[in-house]
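Per the UniProt record's numbering, the sequence shown starts with residue 1, numbered consecutively. Have a look at the structure below before the remarks.
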Amino acid sequence: MNPDAVLAAAAAAWARIGAGLTPADRTALGEELARRRRAPGPAAHRAATERAAALLATGLPGEFGAGGRSVALPVADSGTVAGFTADDLAVLLLDGSPMAGPVLTAVRERLLAAPSVPASELAGGESGLILLPAEGGRRVPRFQLAPDGAVRPVVLTVNRLLDAEADPWGAADWWLSPHAWLGAPPAGLLGTPVEAQLPDLARLLTEVY
Numbered sequence: 001m002n003p004d005a006v007l008a009a010a011a012a013a014w015a016r017i018g019a020g021l022t023p024a025d026r027t028a029l030g031e032e033l034a035r036r037r038r039a040p041g042p043a044a045h046r047a048a049t050e051r052a053a054a055l056l057a058t059g060l061p062g063e064f065g066a067g068g069r070s071v072a073l074p075v076a077d078s079g080t081v082a083g084f085t086a087d088d089l090a091v092l093l094l095d096g097s098p099m100a101g102p103v104l105t106a107v108r109e110r111l112l113a114a115p116s117v118p119a120s121e122l123a124g125g126e127s128g129l130i131l132l133p134a135e136g137g138r139r140v141p142r143f144q145l146a147p148d149g150a151v152r153p154v155v156l157t158v159n160r161l162l163d164a165e166a167d168p169w170g171a172a173d174w175w176l177s178p179h180a181w182l183g184a185p186p187a188g189l190l191g192t193p194v195e196a197q198l199p200d201l202a203r204l205l206t207e208v209y
């Protein structure tokens, strides 16, 4: 299995194998993935990929050593393993985001494409806001802030109902996806009379019948 496929296989099995790495190996793997992500050219990118794959082979020999479980997985012509790419491992480990793989990558990219600001630029703190892990740090979807930069009170109410702290991606998806009843994404209705209905609509998701 080539080094890129090793990283893809690790991403595909990360929920199962991640805890098997020692803290030191996990740190070293993260450092190589960071070097790979910011590599200035193909040679540096390839070298970091090979070092990361070697770390997995020594840290998890039962998975990535000769005859290991994960290296026996089939590799698609595209280089993916079970729909995961080598880049997905950095998303999982460096960004701390679960949004990787054949289905969730598209969702992550769509949500991160929405206007946002770095969490470090918030003047009033982060409490109650959706914070999306991303390359370069956490992002705050811009719809949560009024034009003057203040946090919209209704956003805090809805985020609490959606448990945005525990599931920021799910909460962001609710805000930014078309709503069947509203005919538009809820985020697009902030600042309109419909805004007052948003907490009740969010509450419907949490009611137990």
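For glycine and all other residues, C-beta sits at the position ideal for the given N, C-alpha and C.
Are there 16 or more other CB atoms within 10 angstroms of the CB of residue i, so buried, or fewer, so exposed?
i	result
Ala5	buried
Val158	buried
Tyr209	Residue placement at Tyr209 is flagged as unreliable, the pLDDT there being 42, under the threshold of 50; a coordinate-derived value is accordingly withheld.
Arg108	buried
Arg142	exposed
Pro174	It should be pointed out that residue 174 corresponds to Trp in this sequence rather than to Pro. Burial call: buried.
Thr80	buried
Ala19	exposed
Leu205	exposed
Ala146	exposed
Ala172	buried
Thr49	buried
Ala123	exposed
Glu207	exposed
Ala24	exposed
Do residue j and residue i come within 9 Å of each other at the CB atom, strictly closer than that value?
i	j	result
Ala187	Ala114	yes
Pro102	Leu132	no
Leu161	Gly170	no
Val71	Ala9	yes
Ala39	Thr85	no
Ala53	Leu112	no
Gly67	Leu60	no
Arg138	Ala119	yes
Ser97	Ala134	yes
Leu73	Trp14	no
Arg37	Asp87	yes
Of the residues the options, which one's Cα is nearest the Cα of residue i?
i	options	result
Glu32	Trp175, Arg69, Arg51	Arg51
Ala198	Val155, Ala48, Ala166	What sits at residue 198 in the sequence shown is Leu, not Ala. Nearest of Val155, Ala48, Ala166 to Leu198, Cα basis: Val155.
Glu121	Asp87, Ala150, Arg16	Ala150
Pro193	Leu182, Asp77, Ala202	Leu182
Pro3	Gln144, Glu207, Arg46, Arg110	Arg46
Ser116	Leu201, Gly30, Gln144	Gln144
Pro153	Arg110, Asp77, Leu190	Leu190
Beta-carbon within less than 6 Å of residue i's beta-carbon, same chain only, minus the 5 sequence neighbours each way: which residues are those?
i	result
Ala57	Phe64, Gly65
Ala28	Leu55
Leaving aside the five residues before and after residue i along the sequence, list all residues of the same chain whose C-beta is less than 7 Å from its C-beta, in chain order.
i	result
Ser177	Pro185
residue 210	Because the chain in this structure spans residues 1 to 209, residue 210 falls outside the shown range and cannot be described.
Ala34	Leu94
Below 8 Å on the Cβ atoms is my guess for residue i versus residue j; work out the distance and round it to an integer in Å.
i	j	result
Ile130	Ala164	5 Å
Please confirm if residue i has its CB atom under 9 Å from at least one CB of chain D.
i	result
Gly149	Included in the structure is just one protein chain, with no chain D present.
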